Every structure is written in structure tokens, then in C-alpha cells.
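Trainee: When we follow our numbering, the leftmost residue of the sequence shown carries the number 25, and every step to the right adds one.
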Amino acid sequence: MKVLIAGAGIAGLTAALRADALGHDVEVLVKGALGDGCTAHAQGGIAGEYGPGDSPALHALDTMHAGDGHGDPVAIAALVDGAIAALDALVAAGVPFDRASDGSVARGLEAAHSLPRIAHAGGDATGKAISDALVSRVRASAVQVREGAFAADLLTAGGRVRGIRLLSGEELEADAVVLATGGAGRVYPFTTNPSGTTGDGIAMALRAGASVADLEFVQFHPTVLSGHEPFLVSEAVRGAGAVLRDAEGRRFMVDEHADAELAPRDVVARAVARQALTQGSPVVLDATGVHDLAAHFPTIDAELRSRGIDWTREPVPVSPAAHYLMGGVVTDVDGRTTLPGLWAVGETARTGVHGANRLASNSLLEGAVFGARLAEALTSASDAQLPPDPGIPGRSRYQLLPFDSDHSGRSCDLDGPSFARTALQRLMWEKVGLLRDDEGLADAVRTLHAWEAPAPRTPVEQEDANLLVVARAVACAALARTDSLGAHFRLSPALTAPAPTPSALIGAA
Ligand code: SIN
């Protein structure tokens, strides 16, 4: 079977290697260079290294709890049940996980985990170690890799996805197309995601009519050092004992949540934002009490020192930045989407494991577990796809339809500023960010639907077009969810019930 995979993070490369081992003819498309995606940036590790008293069942409970009860129990069970095999496969692929003195894989703690169960490599360079190992395996395999190949759109015929059209115009046919292009952090101006994270797979799926869900759930990481490129200070630093302080040096998280700095990420991010807003000065991460910072966190240590911060002696100013998209292209636990011939995996997919807020270090695990599952499923039941409406409780259904301003029930000024990536990012940050309200969301939906991106001819224009498609979907989903849940937080519930429903929203359960 010819399998075309767009994207080359842990999810795409795991699927590629497994599908290759199963005898498929596999080709991976990367818009940049192999190894330059999100996976290589992951500082926090990979969950699933269970120690005494721990179990997949406890990990499942933590995952469901962090996701504010919105996770899918079947998907979560698949995730945790596959964890041990996934970590073993990464060790076999050559990932040099950090070891404890007895030679076992060392276990770290991160927020909202009941016990230390996070495996790291190179301290805070886990993603890079995983990416390097998988890339060298792929280079040594029969998997074909096309770098600099921008997958622009899906080819469909007879109700089935039959391949991919590259931005260059070249058309590649396949029996199965896998979207593994990561998330869409670049819809925001402040994000931990690298520059290519522009929602390409989700936009392609939307244009082809695949179902998406949970796009209102955008995770903001609470401890990001701002600068011309925001820099993540891993949650593992708080797991090692660092604390958050306000301008007066007070540990404000103690009053916010029983787990203080190790509360679920959305809770910490909102508290950090509120403190900064009320005090008018940034919150700081105080790691001065943590031993051996340079040894445990060499990447962070080097970056902070390059920015003139000695974190062994002084606190680090931090603020929230967009980090992860919980929603995406709807799939089952084997990566099947609602379109025959189309599969999705990793951050591009909405499997249901993350619910409304992802548990730290579950994303690399998701890529490893579901990438392997997808490859196995290609063999066994390639044509069995999800029903067009998989009936996810509480999800807003979104399709790409022309926006009809009259239908919103509000006056609608379609003469807003013309589209530019920076304007889109600012709009998303201000109106569809960490703290949302009905009016801002409605404004964002109107403006986003008034903008048009130019017909893409260059990679930047293609990314812009994709960002606009995904931003519209995120804003519409956020407008449709009138309550707060997990990472989707409304400062006040919609005052008028129900919230205005643009015609781009086809109902909200
Ligand atoms: C972090 O290192 O804080 C991020 C880990 C993650 O997003 O899972």
C-alpha cells in the first residue's frame, strides 16, 4: 500500500517506521528539513515510566483529571495501555533516556501527575533526543523522505482522499494519506511552537470536509520567558521544586490551588496572567532553591545565560504563551478520520486523550502510541472510516462555509483592516486567548471571516491561508462554547443566551 505522511515529528516518523516495517511503500513529506519540527523542541519528557505504586490506571485518572473530565476514556485507556511498549520502542530506536543510579530510567515529576513518571533524555532535551533517534532510523530505512515539500491540499475523488497536492502543483497519489503536521501555535504571536507550526494539516482537512473538534481548547504554557523569540522554561523545573512568586515575592499559587505550582497547566497559566494583569509586573519563577540546575536543565541554563539571566541566583520573569492545541481532526484510536483514505495523528488529531487541557508530557507519548497504532490499522482495515458525525459529546461542529454576517444577529462591519499574519495573531491573542469573553469572541469571528488570504503561491502565503482557516475554526468553536471548561475560560458567561451562531457554525451540541 502507498502511504503518504505529511509531517515528521514523533507521530509521523513512528507511523512511517512501523508502516515501513509492515511492508508498505512509505513517503514522508516535510515542508522544511527533517528534524526541525515541534518534537525536537520538547523539553518536558514523555510520560509512562511507571515506578512503585504507579500504574497505567493512575496515569489515566491524572490524564482525565487534567483534561477537566472532557477526555475520552477509550482513547485515554489506549494511550496509557500503550505507554510501556512505546517507551521500550524508543529505547530500542536508540533514545538515550536519563538513568537513575541503579540503571533504571529516571522518573521526573511534572504538574498534575500524582507520581514521578516522566522519562527525560539529556535533562531538558528529550524531544531532540527522540527526534534525532527517529530521524536516523528513518534515514536508514526504506522510507522515502521529501524535504522542502509543502503539502498544500488533499486530492479527493469519489468521496475518498487519494493523495496530496504539493504547493509546487505536483500531485502525489496514495492509498492512505496521514496528516501529522503538528498543531497551530503560530495563530498566536507568543508561542513556544517553532515557526512552521501553522496548522497545515488541520487546514487541509477542513478544506476537504473532514470533521474537527475541541478546537476551542488551546493550552497556554504558564512559564515562558518573553523576548523576540519566547523561550519555554519547562514544567519539570517546577517539578524539581521551583516556585512562582508575585512582585512582592509572595507564592501566590498556594492560595490558588491545593497543588500550588503543580496544579493543572490551565489553572497555573490563568493565575500567572491574572497576577501580571493586577500587579502590572511579570510573575517570576524562582528556581534558586533547586540544586544542579545546569546539570538537569542544560538547554534552559544555556539559553537563560545567553539572555543574561543567572537563574541560580535570580528569579526568571515568565508569562503564558500558546503551547498546544488539544483539538484537531477527529480520529478514532487508530487514526481514522471521517474521510475515507485520510488518517491523522499527533497534535493534528483530536483523539480525545487530552480532553480540555493536556496533561504534561502526554503529547510525545500520544505521538508514539498512536503513530504505531495507526500503522498497524493501515494493514488491517484501511477502508473502515469513522461515521461523518462521530457524535462527540459537547463538541462544536465546524465546516468551511461562507460567513453570512446577517445570520449572526449582530451588526457586522466587514470593512476591517486587511489580512496580515501579524494582525491575525494579535486578534487571536487579544480576543481568543487565555481569558475570553462573548463580545471579544464574536468580534474575532466577524473579523476573521471578513479577511481573505491571497491565493497561495509561496510557502508563506500557504501558511497564512492555513492560519486563517484554523483561526476561524478556533474562534468559532470558542464562541460556541458558552461555559468555561479546562483551557477554554470565559471571564463571564455569555450574557445573552444562546451565543450568536454564525452560519459557519453548524450547530453546537
Ligand atoms: C514543559 O516542559 O513544560 C512542556 C512539557 C509538555 O508540554 O508536555
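No residue lacks a Cβ here, since even glycine has one placed at the ideal position from N, Cα and C. Since the model is a prediction, treat every value here as computed from it, not as a measurement.
Specify which residues have a beta carbon nearer than 5 Å to any heavy atom of the ligand SIN, listing them in chain order.
Mentor: Every residue passing the under-5 Å Cβ criterion appears here: 67, 68, 258, 259, 384 and 385.
Trainee: How many whole angstroms separate the CB atoms of residue 189 and residue 179, which I take to be in contact at a CB cut-off of 8 Å?
Mentor: Indeed they touch by this definition, with Cβ atoms about 6 Å apart.
Trainee: Would you kindly work out how many angstroms separate the C-alpha atoms of residue 210 and residue 104, rounded to a whole number?
Mentor: Roughly 29 Å separates the two Cα atoms.
Trainee: Within its chain, find whatever has a CB closer than 6 Å to the CB of residue 96; leave out the 5 residues flanking it on each side and keep chain order.
Mentor: Same-chain partners within the cutoff: 376.
Trainee: Report buried or exposed for residue 303, applying the criterion of at least 16 other Cβ atoms within 10 angstroms of its Cβ.
Mentor: That one is exposed.
Trainee: Cα separation between residue 203 and residue 273?
Mentor: Going from the Cα of residue 203 to the Cα of residue 273 covers about 46 Å.
Trainee: On a Cα-Cα basis, can you pick out the residue from 73, 332 and 385 that is closest to residue 128?
Mentor: Nearest option by C-alpha distance: 73.
Trainee: With a floor of 4 residues, list each alpha helix (DSSP H) that falls wholly inside the segment 61 to 96, ordered by position along the chain.
Mentor: DSSP runs (the alpha helix (DSSP H)) wholly in the segment 61 to 96: 80 to 90.
Trainee: Answer yes or no: do residue 394 and residue 35 have a C-beta to C-beta separation smaller than 9 Å?
Mentor: For residue 394 and residue 35, yes; Cβs fall inside 9 Å.
Trainee: For residue 39, which residues of its own chain have a beta-carbon under 7 Å away from its beta-carbon, when the five flanking residues on both sides are left out?
Mentor: For residue 39, where only same-chain residues beyond five positions count, the Cβ hits under 7 Å are 29, 202, 204, 369, 395, 398 and 399.
Trainee: Is the separation between the beta-carbon of residue 112 and that of residue 143 shorter than 9 Å?
Mentor: Cβ atoms of residue 112 and residue 143: not closer than 9 Å.
Trainee: Could you give the distance in angstroms between the alpha-carbon of residue 540 and the alpha-carbon of residue 27?
Mentor: The requested residue 540 does not occur in the structure, where the chain is confined to residues 25 to 533.
Trainee: Nearest-angstrom Cα distance between residue 516 and residue 461?
Mentor: If you take the alpha carbons of residue 516 and residue 461, they lie about 6 Å apart.
Trainee: Which same chain residues, not among the five before or five after residue 44, have their C-beta less than 7 Å away from its C-beta?
Mentor: Here the set comprises 50, 165, 166 and 167.
Trainee: According to DSSP, residue 26 sits in a beta bridge with which residue or residues?
Mentor: Bridge partners of residue 26: 49.
Trainee: Quick check: residue 374 and residue 283, are their CB atoms within less than 9 Å of each other?
Mentor: Cβ distance not < 9 Å, so residue 374 and residue 283 don't count as in contact.
Trainee: With respect to the alpha helix (DSSP H) encompassing residue 471, which residues constitute its N-terminal and C-terminal limits?
Mentor: Residue 471 -> alpha helix (DSSP H) spans 462 to 474.
Trainee: Measuring straight from C-alpha to C-alpha, what distance separates residue 257 and residue 249?
Mentor: C-alpha separation (whole angstroms): 7 Å.
Trainee: How many angstroms separate the CA atom of residue 115 from the CA atom of residue 479?
Mentor: C-alpha separation (whole angstroms): 45 Å.
Trainee: When the distance is taken between beta carbons, is residue 277 closer than 9 Å to residue 510?
Mentor: Taking 9 Å as the Cβ cut-off, residue 510 and residue 277 do not qualify as a contacting pair.
Trainee: For residue 316, which of 184, 280 and 148 has the nearest alpha-carbon?
Mentor: When only C-alpha atoms are compared, the closest one is 148.
Trainee: Consult DSSP for residue 254 and reduce its assignment to one of helix, strand or coil.
Mentor: Coil, per DSSP.
Trainee: As a quick exercise: from 481, 463, 490 and 486, pick the residue whose alpha carbon is nearest that of residue 503.
Mentor: Nearest C-alpha to residue 503: 463.
Trainee: Alpha carbon to alpha carbon, how far is residue 83 from residue 481?
Mentor: C-alpha separation (whole angstroms): 46 Å.
Trainee: If you check the beta carbons only, do residue 308 and residue 173 fall under 9 Å apart?
Mentor: No; because the gap between Cβ atoms is not below 9 Å, this pair is not in contact.
Trainee: For residue 275, list the residues DSSP reports as bridge partners.
Mentor: According to DSSP, which records beta bridges pairwise, residue 275 is partnered with nothing at all.
Trainee: Is the Cβ-Cβ distance between residue 163 and residue 58 less than 9 Å?
Mentor: Contact flag set, yes.
Trainee: When you compare only the Cα positions, how much space is there between residue 41 and residue 297?
Mentor: Roughly 41 Å between the two C-alpha positions.
Trainee: Opposite residue 367 in the DSSP bridges: which residues?
Mentor: DSSP, once it has assigned bridges, lists 202 and 360 as partnering residue 367.
Trainee: If you draw a straight line from the alpha carbon of residue 445 to that of residue 475, how long is it in whole angstroms?
Mentor: Cα-Cα distance, rounded: 11 Å.
Trainee: Excluding the 5 residues preceding and the 5 following residue 319 in the sequence, name in chain order all residues of the same chain whose CB lies nearer than 6 Å to its CB.
Mentor: Same-chain partners within the cutoff: there are none.
Trainee: Grouping DSSP H, G and I as helix and E and B as strand, with all else coil, what is residue 31?
Mentor: Looking at residue 31 - three-state DSSP - the assignment turns out to be coil, as it is neither helix nor strand.
Trainee: Between residue 119 and the rest of its own chain, which residues show a CB-CB distance below 7 Å, the 5 nearest in sequence each way excluded?
Mentor: So the list reads 145, 153, 154 and 157, once near-sequence residues are dropped.
Trainee: For residue 453 and residue 403, what's the separation of their Cα atoms in angstroms?
Mentor: Taking the straight line from one Cα to the other gives about 42 Å.
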